[in-house]
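Heads up: the structure comes next, in structure tokens.
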Amino acid sequence: MNFELTHDQKVLQSAVRDFVENEIKPIAAKIDEEHRIPDELVAHISEMGFLGSYFPEEYGGAGLDMMSYAILVEEISKACASTGVLVSAHTSLCCNPIYAFGTEEQKKEWLPDLLAGKKIGCFLLTEPDAGSDAGGTTTTYRIEGDEVVINGAKNFITNGGYLGTGIVLASFDRSLKHKGITAFIVDLQSPGVIILKNENKMGIRGSYTTAFALDNVRVPLKNLLGQEGKGFNVAMDTLDGGRIGIASQALGIAEGAFERSVAYAKERKQFGQAISSFQAIQFKLADMYARIETSKLLIYKAAWLKDHKKKFSLESALCKLHASETASFVTKEAMQIHGGYGYIADYEIERMYRDAKITEIYEGTSEIQRIVIAKQLLS
Amino acid sequence: MKILVCIKQVPDMESPFRPNGSATWFDESDLAFRMNEYDEYAVEEAVRLKEQLGGEPEITVLSIGPDRVIEAIKKALAIGCDRAVHILEPEVASREPWQIASIIAAYARDKQFDLLFTGMQSQDRGSAQVGVLVAELLGIPSTTTLVGFAWADGVVTATRELEGGVKGKVRLRTPALVTCQLGLNSPRYPTLPNIMKARKKEITTLQAGELSSEKPLTGSAAFRHPEKKGSGVVLEGSVDELVEKVLVILKDKTAVLR
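As given, the protein sequences belong to chains S and V, one line each in that order.
With my numbering, the residue at position 353 of the first sequence is 387, and numbering never jumps.
With my numbering, the residue at position 197 of the second sequence is 259, and numbering never jumps.
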């Protein structure tokens, strides 16, 4: 057993860290305030290969592994959770299902533009009345010749506002519940794809969260991903991998808040001494660090399992559950350590506190993660 | 054209430094290491020259030290060096500049490098000796603290940073060695695909002891933190308030106004 990163992973970690420190951290507050990641930053992370990390070079990816991807999302999210989820949703929820379920033709058609960042990917599963209950999908499709016609509504779609490439889940017979669902690769520039709104949110404000109407959207039948009626499996498999990405995002948020808390506690003086000399603060830091380290171990283990082609569905739910609850816990304690200053936007902790909460909700709520975990423990 | 870039891996300067057991150097445990900043300029400049010449030059990157220096080497390979030499020396901190330069010169002597790039100095030891010593040992011209570099027809035109903001221009015929200073260029970030490609590049490992057995000419006698002085005070407020506060301090704590 070896808990050290490899030389290559350390090179990657340090390269990403330098990039994030110089190019993302200085504008993280602006991204939050303006509800937008600048196009130049999206272009820059594309050039860096951040949007194609673990896919093979033959499709335009960097050919790295899942561990490297987890490190990438973690490092980005230390400074900016909005950019972290852009990378995570794009990679795990759009590129991954195409890579895992696509035919060779589909991979060659869609992956190069996605992995180069020419298109930003998203995953259109959630609907106004079907969130955790994916089987309740009401978006429908019908086949007309060599085309598929999709109708329905999707919401809370991360990265939707880029109108890039989407994986759309739709049903051909709603009475069949999850057995009626099929996945399609959809060019979101297609006629009938209508943005109803980009949501105004509590946190990850730089990331698009989009509500769509799909009004007679015509898609070539060849864009059917996997098998007809097996879309639910595509969705569940996709979310398994996605959880490692979101757990890494949550870990990054927690680490970012922790680093600032340690620095602040050493610097801030009350009653004539640094507040880090008070046990009340020391206990907080110890608890924060304990949860961060356990989150990291769980995430790296899940990534390691995926890299070694072992079953990782239990571990990905476990790391997502623990890391997201850690992000909320750590940012809350970080704010308490920062006192009044933590509540002020200038101090970044305020943003991290708002950014953390969503990690307990999207890509499977903490309650769903507990169900996934318990089901596997009891099966 | 053959280029050699010599790099050193140094502790991250924001690390908490502690004296080692013999109090002659710093304790390396718990330190994070990275490529010496000035060596990053050296790597970048070499790669830019390679690009200028359509990819023809072959760049070898060399680093001396324990296994961990592979990380600095791999970064240089990911930025664009072609191949690497790792000179294994587990106790690199105990080797002083003369010994390091002798090892590098022994390696480079029969390799016919046209150009050698090094950093101006290391961020940890800061002797600024290794580059110029290598050039002397190889008997080739050198110039230091480059903030500008151009190459044409076998001639290097180097812009040097001198004291007080003065710049000097030096021309050298290759083979030559230059040492690089802040301001020469902005090193690129290694991209993810290039980090992956670097995995396939050749890294040759040599033993330091087989290249040179020169004895040290200098030694580190002691390593300690500077003595603690009273902490500084940051005054805040309007100019009038600041003046008042300074006056109070001068009256109370000094003899200036008495």
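Heads up, the beta-carbon is just placed ideally off N, CA and C, and yes, glycines get one too.
These numbers were taken from a predicted model, which means no experiment stands behind them.
Residue from the options with nearest C-alpha to residue i
i               : options                           : result
S189 of chain V : V:R233, V:Q174, V:G281 and V:E276 : V:G281
Q304 of chain S : S:G279, S:K335 and S:H372         : S:H372
P203 of chain V : V:A214, V:D176, V:M258 and V:V228 : V:D176
E225 of chain V : V:F211, V:V232, V:T207 and V:L234 : V:T207
G195 of chain S : S:F157, S:G83, S:L39 and S:G170   : S:F157
V182 of chain S : S:P225, S:P254 and S:Y93          : S:P254
F266 of chain S : S:P131, S:I61, S:S80 and S:M101   : S:P131
I392 of chain S : S:R404, S:I383 and S:S358         : S:S358
A167 of chain V : V:A140, V:A197 and V:C143         : V:A197
E264 of chain V : V:I121, V:E223 and V:V318         : V:I121
T266 of chain V : V:L246, V:K313, V:D172 and V:V147 : V:V147
K345 of chain S : S:F218, S:D274, S:L355 and S:T125 : S:D274
Whole-angstrom distance between residue j and residue i, CA atom to CA atom
i               : j               : result
I65 of chain S  : L411 of chain S : 41 Å
V209 of chain V : N98 of chain V  : 17 Å
L273 of chain V : E102 of chain V : 25 Å
R302 of chain S : R250 of chain V : 37 Å
A63 of chain S  : A308 of chain S : 27 Å
L319 of chain S : T360 of chain S : 13 Å
I177 of chain S : I215 of chain S : 13 Å
Y323 of chain S : G398 of chain S : 25 Å
E298 of chain V : L304 of chain V : 7 Å
S241 of chain S : I201 of chain S : 18 Å
G193 of chain V : R80 of chain V  : 28 Å
Q283 of chain S : V218 of chain V : 48 Å
M75 of chain V  : A270 of chain V : 26 Å
S347 of chain S : A337 of chain S : 11 Å
Y103 of chain S : F363 of chain S : 24 Å
Where residue i sits in the DSSP three-state scheme
i               : result
L239 of chain V : strand
G214 of chain S : helix
E367 of chain S : helix
P131 of chain S : helix
V295 of chain V : coil
E401 of chain S : helix
W144 of chain S : helix
F305 of chain S : coil
F84 of chain S  : coil
P81 of chain V  : strand
G265 of chain S : helix
I378 of chain S : coil
L251 of chain V : In the sequence on display, residue 251 of chain V carries Tyr and not Leu. Looking at Y251 of chain V - three-state DSSP - the assignment turns out to be coil, as it is neither helix nor strand.
K354 of chain S : helix
F37 of chain S  : coil
R239 of chain S : coil
I229 of chain S : strand
T172 of chain S : coil
T292 of chain S : In the sequence under discussion, the amino acid at residue 292 of chain S is Phe, which differs from the Thr named in the question. Three-state DSSP puts F292 of chain S in a helix.
T160 of chain S : coil
G136 of chain S : coil
Boundaries of the alpha helix (DSSP H) in which residue i is found, first to last residue
i               : result
H78 of chain S  : D73 to E81
Q269 of chain V : No alpha helix (DSSP H) holds Q269 of chain V; the beta strand (DSSP E) holding it covers I265 to Q269.
L332 of chain S : Q313 to D341
F53 of chain S  : H41 to F53
I121 of chain V : First-last for I121 of chain V: E120 to G127, but that is the beta strand (DSSP E), not the alpha helix (DSSP H).
G118 of chain S : A115 to S122
R385 of chain S : I383 to K391
Start and end residues, beta strand (DSSP E) containing residue i
i               : result
Q71 of chain V  : Q71 to P73
P254 of chain S : T243 to P254
F190 of chain S : E181 to T192
A212 of chain V : S204 to A214
R110 of chain V : Counting along the chain, R110 of chain V falls outside any beta strand (DSSP E), though it belongs to the alpha helix (DSSP H) covering E99 to Q114.
L139 of chain V : Careful: L139 of chain V lies outside any beta strand (DSSP E), inside the alpha helix (DSSP H) at I132 to I141.
I201 of chain S : T199 to S205
L177 of chain V : L177 to G181
Check: residue i C-beta below 8 Å from any heavy atom of the ligand NAP
i               : result
I265 of chain V : By its list of ligands, the structure shown contains no ligand whatsoever, and the ligand NAP lies outside what it can speak to.
query: How do the region 92-112 of chain S and the region 53-60 of chain S stand: do at least 3 beta-carbon pairs fall below 8 Å, yes or no?
result: yes
message: Contact between the region 377-386 of chain S and the region 325-337 of chain S is defined here as three or more beta-carbon pairs at a separation below 8 Å; is this criterion met?
response: no
At least 3 beta-carbon pairs within less than 8 Å: the region 237-247 of chain V vs the region 126-141 of chain V: No, the region 237-247 of chain V is not in contact with the region 126-141 of chain V.
message: Taking 8 Å as the cut-off, does the region 285-301 of chain S touch the region 147-157 of chain S (at least 3 CB pairs, one atom from each stretch)?
response: no
- prompt: Using 8 Å as the threshold, is the region 253-262 of chain V in touch with the region 100-120 of chain V, meaning 3 or more CB pairs across them?
  reply: no
task: Decide if the region 90-105 of chain S is in contact with the region 241-252 of chain S; the criterion is three or more beta carbon pairs, one per stretch, under 8 Å apart.
output: no
message: Does the structure place the region 168-177 of chain S close enough to the region 115-124 of chain S that three or more beta carbon pairs sit under 8 Å?
response: No, the region 115-124 of chain S does not touch the region 168-177 of chain S.
- request: Report yes or no: do three or more beta-carbon pairs, one from the region 172-187 of chain V and one from the region 141-154 of chain V, lie closer than 8 Å?
  value: no
query: Is the region 285-295 of chain V in contact with the region 72-90 of chain V, if contact means three or more CB pairs nearer than 8 Å?
result: yes
task: Check whether the region 342-351 of chain S touches the region 398-408 of chain S, taking contact to mean three or more Cβ pairs, one atom from each stretch, closer than 8 Å.
output: yes
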